[in-house]
Amino acid sequence: MSRSKLIAGNWKMNFTPHEASLHLHHLSEHIDEHSGVDVVLCAPFVDLYSLSKEIDGNKFKLGAQNLHPAEAGPYTGEVSAAMLRGLVQYVILGHSERRAMGETDEFIAQKMAAALRHNIKPILCVGETLTEREHGATKQVVLDQLNVCLADVTAEEMDQVAIAYEPVWAISKGDGRGHTATPDQVQPIVRAIRDHVKETFGAAAAQSTRVLYGGSSNPDNCKAFLQIDGVDGLLPGGASLKYLEFAQMVKIATELA
Ligand code: PGA
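Given below as structure tokens:
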């Protein structure tokens with residue numbers, strides 16, 4: 002069974018509803034109907050409803066960037082999976098920018114369960130900091146994150162799950178500042194992720210789980226990342242805010258699909 006590719010744009014805290022609508026309009030103009038690639042727009046909560054009315058579902062799917070694991074209740078400022086159900090098909094969980102604000106693996110595990118309960122496909126982000134890499138702890142950090150975050154997921158549910166390897170030190174370096182990751186650095190971690198899924202959930206789950214790369218991916222480097230054995234797609238942030246760049250990345254992924 003071959004896995005379809007997944008290009009998920011993480012808009013982060015960008016675009017008012019009006020700007021989001023304009024961006025979608027540009028994306029629709031520049032991205033043709035495609036097959037073999039799922040293109041997901043992970044927009045801020047306030048943009049999702051209007052986008053859902055305007056989006057061409059044959060070209061794009063919608064994603065959220067977070068959710069709260071409770072169904073409803075006294076959680077000021079939070080949004081539940083029950084509220085997102087039907088509005089989005091995907092959700093980014095455990096992004097390093099949220100982990101940096103105190104989100105733990107245990108809490109992310111609860112979010113994973115909530116998303117799956119509501120038929121929302123989680124894109125689980127894992128990755129090491131620069132200090133952890135320099136201490137040779139990359140693999141262990143990623144496997145520890147997977148162990149806890151996937152603790153309540155069943156083997157059958159794994160075909161709904163995508164895992165994004167996002168080295169924290171390589172995020173938001175698209176402007177040429179600091180280190181970006183090389184395919185040589187990404188490949189062994191992607192392999193370790195799939196091996197872990199195989200050991201934990203079995204061969205069928207390892208075959209169906211999509212593994213993405215994220216961290217300053219752009220039209221210039223995306224082909225090299227997409228050609229890494231076991232990489233099924235990308236989670237671009239900065240490049241997803243520029244419609245020409247994002248459209249170019251979708252085109253490249255489609256050619257490789
Ligand atoms: P970036 O963001 O492509 O801007 O590095 C990726 C991410 O944080 O998901």
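2 is the number of the first residue of the sequence shown in my numbering; add one for each residue after it.
Where a beta carbon is used, it is the ideal one built from N, C-alpha and C, also for glycine.
Among A163, S218, V187 and P237, which has the Cα closest to the Cα of A259?
The question about residue 259 has no answer here: the residues shown for the chain are numbered 2 through 258.
If you draw a straight line from the alpha carbon of L245 to that of G87, how long is it in whole angstroms?
29 Å
The ligand PGA and A1: does the residue's C-beta get closer than 7 Å to at least one heavy atom of that ligand?
Outside the displayed range of the chain (2 to 258) lies residue 1, so it cannot be described from this structure.
By the DSSP assignment, the alpha helix (DSSP H) with Y166 in it spans what residues?
Unbroken run through Y166 is the beta strand (DSSP E), A163 to Y166; no alpha helix (DSSP H).
Flag this pair as touching only if the segment 125-139 and the segment 76-92 have three or more C-beta atom pairs under 8 Å; answer yes or no.
no
Just list the beta strand (DSSP E) runs in the segment 196-235, keeping only unbroken ones of 3 residues or longer that don't cross its boundaries, in chain order.
211-214
Could you tell me whether the segment 249-257 touches the segment 201-216, using the rule of 3 or more Cβ pairs below 8 Å?
no
Would you list, in sequence order, the uninterrupted beta strand (DSSP E) runs of no fewer than 3 residues that lie entirely inside the segment 15-67?
38-43 and 62-65
In its own chain, which residues sit with a C-beta less than 8 Å from the C-beta of A152, not counting the 5 before and 5 after it?
A110
Can you round the beta-carbon distance between G1 and R195 to whole angstroms, since I take them to be within the 8 Å contact cut?
As displayed, the chain neither begins before 2 nor continues past 258, which places residue 1 out of reach and without an answer.
Quick one: is the Cβ of N11 within less than 7 Å of any heavy atom of the ligand PGA?
yes
Can you pull the DSSP bridge partners for G10?
L42
Which residue from E79, L147 and V41 puts its Cα closest to that of K199?
L147
Assign K122 to one of three DSSP states: helix, strand, or coil.
strand
Output the boundary residues of the alpha helix (DSSP H) element that contains L131.
L131 to E135
Return helix, strand or coil for R4, following the three-state DSSP convention.
coil
Could you check whether K13 and V38 sit closer than 8 Å to each other, using their CB atoms as the reference points?
no
For V40, which residues from the same chain have a beta carbon less than 6 Å from its beta carbon, with the 5 sequence-adjacent residues on both sides left out?
I8, F61 and V251
Do H96 and V80 have their C-beta atoms closer together than 8 Å?
no
DSSP three-state call for I172: helix, strand or coil?
coil
With a threshold of 7 Å (Cβ to nearest heavy atom), would P220 be considered close to the ligand PGA?
no
What are the boundary residues of the alpha helix (DSSP H) that includes L94?
Per DSSP, L94 belongs to no alpha helix (DSSP H); it is in the beta strand (DSSP E), Y91 to L94.
Okay, do the segment 102-109 and the segment 156-170 touch, 3+ Cβ pairs below 8 Å being the bar?
no
Determine the DSSP secondary structure at V1, reduced to helix, strand or coil.
Missing from the structure shown is residue 1; the chain here goes from 2 to 258 and no further.
When the distance is taken between beta carbons, is N11 closer than 8 Å to L236?
yes
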